[in-house]
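Chemist: Residue numbers (our numbering): 2 to 343.
We put the CB at the ideal spot given by N, CA and C, even for glycine.
Source: prediction; values computed, not measured.
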Ligand code: SF4
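1) Of all the options 215, 43, 299, 188, which has the alpha carbon lying nearest to the alpha carbon of residue 250?
2) Which residues end up in the neighbourhood of the ligand SF4 when you take C-beta atoms closer than 6 Å to any of its heavy atoms?
3) Within 10 Å of its beta-carbon, does residue 2 have 16 or more other beta-carbons around it, so buried, or fewer, so exposed?
4) Please go through the region 89-125 and give each complete alpha helix (DSSP H) segment of 4 or more residues, from N-terminal end onward.
5) Find the nearest neighbour of residue 214 within the set 168, 150, 112, judged by alpha-carbon distance.
6) How long is the line joining the alpha carbons of residue 71 and residue 37, rounded to whole angstroms?
7) Can you find at least 3 beta carbon pairs, one from the region 42-54 and one from the region 79-86, that sit closer than 8 Å?
8) Would you say the beta carbon of residue 249 is closer than 7 Å to some non-hydrogen atom of the ligand FMN?
9) Check residue 180 in the structure and name its three-state DSSP category.
10) Taking only three categories from DSSP, how would you classify residue 229?
11) Roughly how many whole angstroms lie between the Cα atoms of residue 306 and residue 317?
12) Count the CB pairs spanning the region 189-207 and the region 234-252 that are closer than 8 Å, and state whether there are at least three.
13) Determine the direct distance from the alpha carbon of residue 182 to that of residue 190, and round the result to whole angstroms.
14) Keeping to the same chain, check which residues put their C-beta closer than 8 Å to that of residue 149; ignore five residues upstream and five downstream.
15) Output the residue ranges of the alpha helix (DSSP H) runs that lie fully inside the region 182-261 and measure 4 residues or longer, sorted by chain position.
16) Compute the distance between the beta-carbons of residue 220 and residue 177, then report whether it is under 8 Å.
17) Using only the alpha-carbon positions, how far apart do residue 92 and residue 159 sit?
18) Helix, strand or coil, according to DSSP, for residue 13 in the structure here?
19) Looking only at its chain, what residues have a beta carbon closer than 7 Å to the beta carbon of residue 337, apart from the 5 residues adjacent to it on each side?
20) Note the first and the last residue of the continuous alpha helix (DSSP H) segment covering residue 298.
21) Rounded C-beta distance between residue 301 and residue 319? I'm assuming under 8 Å.
22) Pull up the DSSP beta-bridge partners for residue 150, would you.
23) So residue 16 packs on residue 135, CB below 8 Å; how close in whole Å?
24) Suppose you measure from the CA of residue 97 to the CA of residue 266; what does that come to, to the nearest Å?
25) Are the Cβ atoms of residue 277 and residue 217 separated by less than 8 Å?
26) Taking 8 Å as the limit between beta carbons, can you name the residues of its chain near residue 99, skipping five residues before and five after?
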C-alpha cells in the first residue's frame, strides 16, 4: 500500500524510552505545521490516488485534541474526495482508551500502529516504557471493535531481553492477530540513556549476524501465522549512515534483505548438503537467494564446489526447484549453527 508519511518526532509522548531519539531516526527535528501537511500532501498526491496518509514518530493520541484535529483536518479533504483511502497513526498502547479510539474513528483514521516493543515486564520496565503488556492486550481488541486495522511494532534485543524473550514476545503479538508487524532489532543511538548503559558496559547490543538469524526465525513464525512483516530494521537515513547518530547495534542499510537472504541460505544449504548442485529459484527472488553482495552464493560454493543457482520467471514465489523436485522455502526448518544461537 502506498503511504504518504508525515513525522511528528516524539510530539505528545509523555515518556522518554531509554532507546528513543525519534528526531534522529525520523530525520526531522520538529513536528510539521498542520497547514504545511495539507500543502505537502497536495504535492505528494499529484497524479496519484489511493493509499494512506500516515502520522508517524511520536504518540499521535498523546497530542492535545486540538493538535490531533489540526493534523487530521489537513487530510480530510483528500479523504472525503476519495484521493486517499485512509489515515494511519502511530501511538503508545496506553494512549488508546475508549475515547481516544472513538475520536480516531470519527476522524476517519483507518489504521493504528502500536509501539509494543516487548511483552516481557522486565524488558518494558528496563526500557522505561511507562506501560505494561496489559495496555496492549486491552487496546488491540478496542481498536478492532472500532473497525480499525492494527499494526504492532516489536524491538528484539532491548535490555533484559534475549532470543527466547524475543520469540515469546513475537508469539504474544501473533496471538493478537495483528494485520501486520514491524520488527526493529534494538540499536544504540547517541544521546540516549541506552547509549549511557552501553558506554558503561551494562548493555551489550546484539551483533548483526545474530539479529539477522533471529529475525529469520521470526519471519518463519510470522509466515506460519499469515501475518506480514512490513518492515525489518530502521530505514536507511543519512542520520544513521554518517556515524553521528548510530553508536552501536545490528543496523544495516539492507537489513530486510539480509533476513530474506538468510532464509534462502538455510534452504539452499540443506539442498546442497543433500548433494544438489543446481537449484532454481524465482527470478524475482534471485537477488535475495544469492545473498547481499552474493554472500550466500560465495559461501555455498566454498562449501559445495560446483554449486549453481538459476532464476526462473515462471516459478512460484518462495519456491526452490532441484533434481530432487520442488519445495517451499518455508518447508525448511530453522537452521541455526550452534555458534549463531543467541
Ligand atoms: S513511546 Fe515512542 S515516542 Fe515515546 S519515548 Fe517511547 S519510543 Fe519515543
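Modeler: Quick look at the numbers:
1) Here residue 250 refers to the residue found at position 249 of the chain shown. Nearest option by C-alpha distance: 188.
2) 11, 14, 16, 17, 18, 21, 23, 59, 60, 93, 116
3) The residue labelled residue 2 in the question sits at position 1 within the chain shown. A residue is called buried when at least 16 other Cβ atoms come within 10 angstroms of its Cβ; residue 2 does not meet this threshold and is exposed.
4) 99-107
5) The count along the chain shown starts at 1 and reaches residue 214 at position 213. If we check each option's Cα against that of residue 214, 168 comes out closest.
6) In the chain shown, the residue the question calls residue 71 occupies position 70. In the chain shown, the residue the question calls residue 37 occupies position 36. Answer to the nearest angstrom: the Cα atoms are 11 Å apart.
7) yes
8) The ligand FMN is absent from the structure shown, which contains only the ligand SF4.
9) For this step, residue 180 is matched to residue 179 along the chain shown. Three-state DSSP puts residue 180 in coil, outside helix and strand.
10) On the chain shown, position 228 is the one that residue 229 refers to. Reduced to three states, the DSSP call for residue 229 is coil.
11) Along the chain shown, one-based indexing puts residue 306 at 305. Along the chain shown, one-based indexing puts residue 317 at 316. Linking residue 306 to residue 317 through their CA atoms gives a straight-line distance of about 27 Å.
12) In the pairwise beta carbon analysis, the region 189-207 is classified as touching the region 234-252: at least three pairs are separated by under 8 Å.
13) Translated into the one-based positions of the chain shown, residue 190 becomes position 189. Translated into the one-based positions of the chain shown, residue 182 becomes position 181. Going from the Cα of residue 190 to the Cα of residue 182 covers about 22 Å.
14) Locating residue 149 in the chain shown gives position 148, where the first residue counts as 1. Around residue 149: 102, 105, 106, 110, 111, 112, 113.
15) 194-200, 209-225, 239-242
16) Taking the first residue of the chain shown as position 1, residue 220 is located at position 219. Taking the first residue of the chain shown as position 1, residue 177 is located at position 176. Pairing residue 220 with residue 177 gives a Cβ-Cβ distance that is not under 8 Å.
17) Within the chain shown, the letter at position 91 stands for residue 92. Within the chain shown, the letter at position 158 stands for residue 159. In this model, residue 92 and residue 159 are separated by some 19 Å (Cα to Cα).
18) Stepping through the chain shown from its first residue, residue 13 is reached at position 12. Residue state, collapsed to three classes: coil.
19) In the chain shown, counting from the first residue as 1, residue 337 sits at position 336. Any answer about residue 337 is weak, because its pLDDT of 47 lies below 50 and its placement is not dependable; what the coordinates show is given next. Excluding sequence neighbours, residue 337 sits near 214.
20) Here residue 298 is taken as the residue at index 297 of the chain shown, counted from 1. Where residue 298 is concerned, the enclosing alpha helix (DSSP H) stretches over 296-304.
21) Taking the chain shown and counting its residues from 1, one reaches residue 301 at position 300. Taking the chain shown and counting its residues from 1, one reaches residue 319 at position 318. Actually they do not touch by this definition, with Cβ atoms about 19 Å apart.
22) Locating residue 150 in the chain shown gives position 149, where the first residue counts as 1. Within the DSSP secondary-structure output, residue 150 pairs in a beta bridge with 112.
23) Reading the chain shown from its first residue, position 15 is the one you call residue 16. Reading the chain shown from its first residue, position 134 is the one you call residue 135. Not quite, the Cβ-Cβ distance comes to about 16 Å (not below 8 Å), so this is no contact.
24) On the chain shown, position 96 is the one that residue 97 refers to. On the chain shown, position 265 is the one that residue 266 refers to. Cα to Cα, the separation comes out at about 41 Å.
25) Locating residue 277 in the chain shown gives position 276, counting from the first residue. Locating residue 217 in the chain shown gives position 216, counting from the first residue. The Cβ atoms of residue 277 and residue 217 lie no closer than 8 Å to each other.
26) As a first step, residue 99 must be located in the chain shown, where it is residue number 98. 143.
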